[in-house]
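Residue numbers (our numbering): 0 to 200.
Yeah, the Cβ is synthetic: ideal placement off N, Cα and C, and Gly gets one too.
Owing to the predicted nature of the structure, the values given are computational and were not obtained by experimental measurement.
See below for the structure under consideration.
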Amino acid sequence: MNYLAHAYLSFGQDEVLVGNFIGDFVKGKMMNTFPEEVQHGIKLHREIDKFTDTHPLVRAGQSYLRPKYRLYSTVITDIYFDYFLAKNWGRYSDIPLEEFIQNTFSTLKHNRQLFPERFLNMFQWMVQENWLIQYREIEGIHKTLSGMSRRTRFPSKMEMAHLDLMEKEQEFQVIFFAFFADLETFAREKLLEIQNTNAGH
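Next up, the structure:
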C-alpha cells in the first residue's frame with residue numbers, strides 16, 4: 000500500500016504512524032535504534048505490504064496491468080488504492096481528509112529526529128507538494144506516477160498508467176472496496192498481535 004493507506008492503518012497511534020511511514024527505509028539492525036512503538040509501526044508496515052502483495056484480489060487487478068507494466072504493476076496498484084481511499088474518504092473516516100493529512104504531517108514533523116536520512120529528504124517533498132491530497136484526483140495520480148517513472152532504472156511506462164485507471168476505474172474500485180475491508184481487519188488484528196507479543200517480553 001501507499002502512504003495515505005499506511006497513515007490510515009496506523010489507527011490514530013502517533014508512534015505507530017511514524018514507523019508505518021519509515022518502514023521501507025529501515026534495514027537490518029537499524030530496527031533496534033527506534034522506540035518500541037515505532038518498531039511496532041515498522042513491523043505493521045511490512046505485514047501490510049506482505050498481505051497486500053499476496054491477496055488474490057490485488058493479484059487479479061495486477062494481472063490486467065502486468066502485460067504492459069510488468070514488475071511495476073505492484074507499484075501502480077498501490078497508487079491506485081490510495082486514489083480510491085482518498086476519493087471515498089468519507090466512507091472510512093469522520094475526520095475530513097484535509098484535516099487528517101495535516102494531523103499526519105504534524106505528527107511526523109514532531110518526530111522527524113527519528114527519520115532515516117533518505118526518508119527525511121523525501122518527506123520534505125511530500126509535505127511541500129502535499130502528495131497525500133494529490134491522490135484524490137486523476138491528475139495527482141498522473142503526476143505521482145510520472146515522478147516515479149522518472150526515477151526507475153528501466154523504462155516503466157508508469158507515466159501512462161493513469162489512463163488504465165480511467166479506463167477501468169469501476170473494476171478497480173470494486174477490487175479496492177473488497178480488498179480494503181480485508182486489509183483493515185487484518186491490520187487492526189496484526190497491530191494488536193505485535194503489541195501484545197512485545198508486551199509479554
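- Considering only GLU116, TYR134 and LEU107, the residue with the shortest C-alpha distance to GLY11 is LEU107.
- Non-local beta-carbon contacts of MET165 in its own chain, meaning distances under 7 Å to residues more than five positions away in sequence, involve ILE137 in chain order.
- Under the 10 Å beta carbon count, LYS67 is surrounded by fewer than 16 other beta carbons and is classified as exposed.
- Going by C-alpha positions, GLY146 is about 8 Å away from GLU158.
- Per the coordinates, the alpha-carbon of VAL37 lies some 15 Å from the alpha-carbon of PHE118.
- Of the other Cβ atoms in all chains shown, fewer than 16 fall within 10 Å of the Cβ of LEU191; this residue is therefore exposed.
- Secondary structure of ASP93 (DSSP, three-state): coil.
- In the structure shown, GLY40 falls within a helical segment according to DSSP collapsed to helix, strand and coil.
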